[in-house]
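Counting along the sequence shown from 1, when you hit position 35 you're at 35 in the working numbering, and nothing is skipped either side.
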Amino acid sequence: MIMRCFPRVLVLSLLFLLVGCGQTVTVAVDPTVTMTSAATATSAPAATATALPPTATSAPTAGVCNAADFSSQIPGGPDSGFQYPPLTYHGPQDAAAGTYRYFMCSSGTPTSILTFLEHAIPMGGWTITNTTSTTLNAVQTSLPQYGLCASVNLTVGSHTGYPGEWDAFFHSPTSNCHP
Numbered sequence: 001m002i003m004r005c006f007p008r009v010l011v012l013s014l015l016f017l018l019v020g021c022g023q024t025v026t027v028a029v030d031p032t033v034t035m036t037s038a039a040t041a042t043s044a045p046a047a048t049a050t051a052l053p054p055t056a057t058s059a060p061t062a063g064v065c066n067a068a069d070f071s072s073q074i075p076g077g078p079d080s081g082f083q084y085p086p087l088t089y090h091g092p093q094d095a096a097a098g099t100y101r102y103f104m105c106s107s108g109t110p111t112s113i114l115t116f117l118e119h120a121i122p123m124g125g126w127t128i129t130n131t132t133s134t135t136l137n138a139v140q141t142s143l144p145q146y147g148l149c150a151s152v153n154l155t156v157g158s159h160t161g162y163p164g165e166w167d168a169f170f171h172s173p174t175s176n177c178h179p
C-alpha cells in the first residue's frame, strides 16, 4: 500500500514546489481526478473530479425461454468451437442423418444474441457464409476433415414470446470448406 501511494506523494510534493515558484501546473493524479493550480498568494490546489461514463453494465439475466423445450438444461453450447452469449444453455439434441438440432437459451434479445454470435463465431475458427436479421450460417474452416467442414445454421427470434430462445442446427463435415 505504501509503495502505491509513494508516486502520488512525490507528484503532489513536486506540484507544491512548482506552485511556490510561480509556475502554473496541471497534474493528472488518476483517471478520475485532475489537479490544477495557478501561482497566486492565496490559491491552493483545487481538485476537480471529472465524471467518466459508467463502464460496468448490469449483469445479464437468464433468457426468457419455453421450459417445455428444455427437458434438461445443459450449460453452454453443444459445440466448443466458439463462444456463446452469456448464460447460454441448451437442451438435448434431436438428430437425423448428420444434422443435430438444439434448442438454445441465452440472455438477451434475438438481435443481441445474433450480434454476439456474429463476433464470436469467426474468433472460434468458423467462417460466416450468410447472415440475415434472424439467421447466421457458418462453416468450421479451422478443422477440415478430408477437405470437408462441419457447418451450422442458427435462427433467432422464431419462438414467439420467448426472446432468449433460438435454434442451432449443426451439420457433420459434409460441406465444402470454401464458402
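C-beta: ideal position from N, C-alpha, C; glycine also.
By the criterion of a C-beta distance shorter than 6 Å, residue 156 is surrounded in its chain by 110, 113, 114, 134, 166, once the five residues flanking it on both sides are discounted. Only residues of its own chain outside the window of five on either side were considered, and among them 91, 92 have a CB closer than 8 Å to the CB of residue 71, listed in chain order. Within the model, the alpha-carbon separation for residue 84 versus residue 116 is close to 8 Å.
In this structure, the straight-line span from the alpha carbon of residue 147 to that of residue 159 is close to 35 Å. Residue 169 and residue 62 have their alpha carbons spaced roughly 22 Å apart.
For residue 111, the enclosing alpha helix (DSSP H) starts and ends at 110 to 123. Residues 93, 170 of the same chain have their beta carbon placed closer than 6 Å to that of residue 100, with the five preceding and five following residues left out of the count.
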